[in-house]
Structures are given as C-alpha cells and as structure tokens.
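Colleague:
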Amino acid sequence: MSSDDFTPEPPRPGRPSGGGPEEIPDWVRQLEREIRLGPAARLRIWLGRHARGLRLGVGAVLVLALLAYLGAAGYRYVQRPADPPRAYPTVRPPAGIEATTSASPPPSAGPFDGTPASAFPEGAAGITLPAAKATGGFTAKQVSAALTKIRTALVTARLDRAFMTAKDRERLVRQFAPDARQHVREELSDAEFVSLATRLAPGARLLPDQPRVQGRVTYRATRDGQGFRVLRVTTNFVWAYAFQGPRVVPGDGVVVVHDTLVWEVPHPDDVRSRDNGLWVTDIRSYVANVDCAAIHKGLLDLGKGGDGKPVATPTPDADSLYDPDRSLDIPDTC
Numbered sequence: 001m002s003s004d005d006f007t008p009e010p011p012r013p014g015r016p017s018g019g020g021p022e023e024i025p026d027w028v029r030q031l032e033r034e035i036r037l038g039p040a041a042r043l044r045i046w047l048g049r050h051a052r053g054l055r056l057g058v059g060a061v062l063v064l065a066l067l068a069y070l071g072a073a074g075y076r077y078v079q080r081p082a083d084p085p086r087a088y089p090t091v092r093p094p095a096g097i098e099a100t101t102s103a104s105p106p107p108s109a110g111p112f113d114g115t116p117a118s119a120f121p122e123g124a125a126g127i128t129l130p131a132a133k134a135t136g137g138f139t140a141k142q143v144s145a146a147l148t149k150i151r152t153a154l155v156t157a158r159l160d161r162a163f164m165t166a167k168d169r170e171r172l173v174r175q176f177a178p179d180a181r182q183h184v185r186e187e188l189s190d191a192e193f194v195s196l197a198t199r200l201a202p203g204a205r206l207l208p209d210q211p212r213v214q215g216r217v218t219y220r221a222t223r224d225g226q227g228f229r230v231l232r233v234t235t236n237f238v239w240a241y242a243f244q245g246p247r248v249v250p251g252d253g254v255v256v257v258h259d260t261l262v263w264e265v266p267h268p269d270d271v272r273s274r275d276n277g278l279w280v281t282d283i284r285s286y287v288a289n290v291d292c293a294a295i296h297k298g299l300l301d302l303g304k305g306g307d308g309k310p311v312a313t314p315t316p317d318a319d320s321l322y323d324p325d326r327s328l329d330i331p332d333t334c
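Read left to right, the sequence shown gives residues 1 to 334 (full-length UniProt numbering).
(1) Whose C-alpha, out of Asp209, Arg232, Asp282, Leu207, is nearest the C-alpha of Thr218?
(2) Spatial neighbours of Thr260 within its chain, please: C-beta separation below 6 Å, excluding the five flanking residues on both sides.
(3) I'd like the list of long-range same chain contacts for Trp46, defined as Cβ closer than 6 Å, with 5 residues on each side in sequence excluded.
(4) Take Phe193 and list the residues in its own chain whose beta-carbon comes closer than 6 Å to its own, dropping the five residues that flank it on each side.
(5) What would DSSP say about Gln244, mapped onto helix, strand or coil?
(6) Can you tell me where the beta strand (DSSP E) with Ser285 in it begins and where it stops?
(7) Determine the direct distance from the alpha carbon of Ala132 to that of Lys149, and round the result to whole angstroms.
(8) Just how far apart, CA to CA, sit Val230 and Ala109?
(9) Can the beta-carbon of Thr165 be found less than 9 Å from the beta-carbon of Arg212?
(10) Across which residues does DSSP place residue 337 in a beta bridge pair?
(11) Just the Cα atoms here: how many angstroms apart are Ala117 and Arg272?
(12) Taking Gln175 as the reference, which of Phe228, Leu196, Val256, Asp190 has the closest Cα?
(13) From the DSSP output, which residues share a beta bridge with Arg326?
(14) How about Ala197: is its C-beta nearer than 9 Å to some C-beta of chain C?
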C-alpha cells in the first residue's frame, strides 16, 4: 500500500467512493497497484519568446477489491444487492460550461450486465460535448474546434482498437501541438502512459462489445502562467472494457479506467504556430480489475488469480469505481 496520499489539486488560475468469505468469488481476492508521477517527471516546458509554463502531473491509481491474493493482480467487482450503499469521497466538478454523457445505453444483454456500466452508452456515444459559446476572446467557432480536437484525441486514446494494439504511439501523439509532442513522448514513460491512453498487453483480448463510457466535459477561458489566453478543458470519464475470460458473477471480465485530464488550447493570436493546438497539463487516473505485471508496463489486461491466500484489505464500495464523480484518491495496494 502507498504511504503517501494523492489528492487531486483543485484547478489553479494560470496553470496549463453480507456474507462470509465463502460467498466471495475468487476474482475478488486480487491485488492492485497505484502509479504516480513524481515531481522529477513533471513537464517543464518553456517555449522561447512566447514560452508557456507547463506542468504535467500524472497519477495513475489502481484499486483494490474486498480481499486480495498475495502477489496477484487487479481489483475485481462483485455485486452484493443486500448491502446498503456506502459513502465514498467524491469531487466537485470544475467551474465552466459543461456537458455530461447524455446518450442512452443499448438494451441488449451482455458482459456489463449487473454492473453500473450496463447503464452507460457504447463507445464514442458516451462523450457528449458542451455547447460551444464565445468566451474570453475565443469565438464560438474556435471553442467548437478545440472541443472537437479533444474528443477526437479521447476516441483515439481510449476507443481506437487499432491504436490499442499498436506499438507506435504517434497516432495519438501527433494530435498534440507540435511543440508539445516531444515532451509527451519523453515524459510519459510506459508505466505512466496508461493514464492518458489504453494499450493492450500481449495476449489480452477484448470482446466485440464496445467499451461503455460515462463522464463529463467542462471548459472555461482563462490565462496561463505567462498571461496568454487559453481554453482550459477538463475531461472526466469512466471507461469500462469487456475482456475475454470466464464470467461467473457480474463484473467478471470488466476492466475499469477512470481518468481526469486537463487540456489547454492557447489562443492562436497569443502564441507561435508550433505552440497552437492541444496541450495536456494534468492527468490523474485509476484502473480496476487489472493485471499488475501488465500495468507496470502501461498496458491493460484482465486481472488473474493468485495462490488463493486471502488478505483482508480496506476497499471502497465496488459500484463507486464506476462513478465519474468518485475521488481518484485511492490507496496504492498493488
């Protein structure tokens, strides 16, 4: 377990949540791990005459279930209808113009049944953009263009299966501003890249079912630390993936990723052309029901059982892990 707490910082002006042991299925008794990006790995970008200070803080947190196997991997979900709802820490949405997921979930049965993800829309339908309005010197057209670019990057990072299985990250990296790309390549190591994007471990297989998606997009105009106008966009989504594997109880085979990203798009009149485009200034995440060995490499795979020796460990309410408003402050236990 982690000895230090990781509490998401609030946005700052000017900077780019019954029965005995015999009732608990084997996949609940798993370990999970938290990955954090230390201060030495935070981005410090100075862009010449029109430089902007950029800090990239990455916290990738992996969640624990009710019991864990020693030396094993991944949180596993189990639904216990008899248990009353439990309180868990939540976060307050950032200030600004926002939109939450609005599409309806598909009616058919599938691997997400019995989990909160069954009520989520499929794939990109779960990413609803807020109305584009003129704000802070940005025209409605500029706001719309920025939001569309971010949505495209999210679809590539989390939903594009060709990208998930490719070794080359450039399909995503090239969607950033030219002067941001090299820093994304250098500063996001394999273990940290999972906070930004989904890549599958060798041998991991998703079911044909599209991932389920639920969350929120919020934007506001502000100024960065150098005084330049930026459109600051916060995306907060839960992504649920259905992996191939045995399904005994609800949630078997479902891997959950919850990420919160802060993007900045500078006003084109304030910066050089190479600075114009997408920047990501803060990344925080946790994942659940994953294989620890894979996640150490920044890859997703379904958690696997261990030696069967249970270890009692505190855990949040399982359903809370599917809540976009759940705090990402979760102990390191992997």
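Virtual Cβ for every residue (Gly too), placed ideally from N, Cα, C.
Modeller: Short version:
(1) Arg232
(2) Asn236, Arg284
(3) Because Trp46 carries a pLDDT of 34, less than 50, the predicted location of this residue cannot be relied on, and the following value inherits that uncertainty. Nothing meets the Cβ criterion.
(4) Gly298
(5) coil
(6) 279-288
(7) 13 Å
(8) 43 Å
(9) no
(10) Since the first residue shown for the chain is 1 and the last is 334, residue 337 is missing from the structure and cannot be characterised.
(11) 43 Å
(12) Leu196
(13) Thr90
(14) Given the protein chain composition of this structure (a single chain), no chain C is represented.
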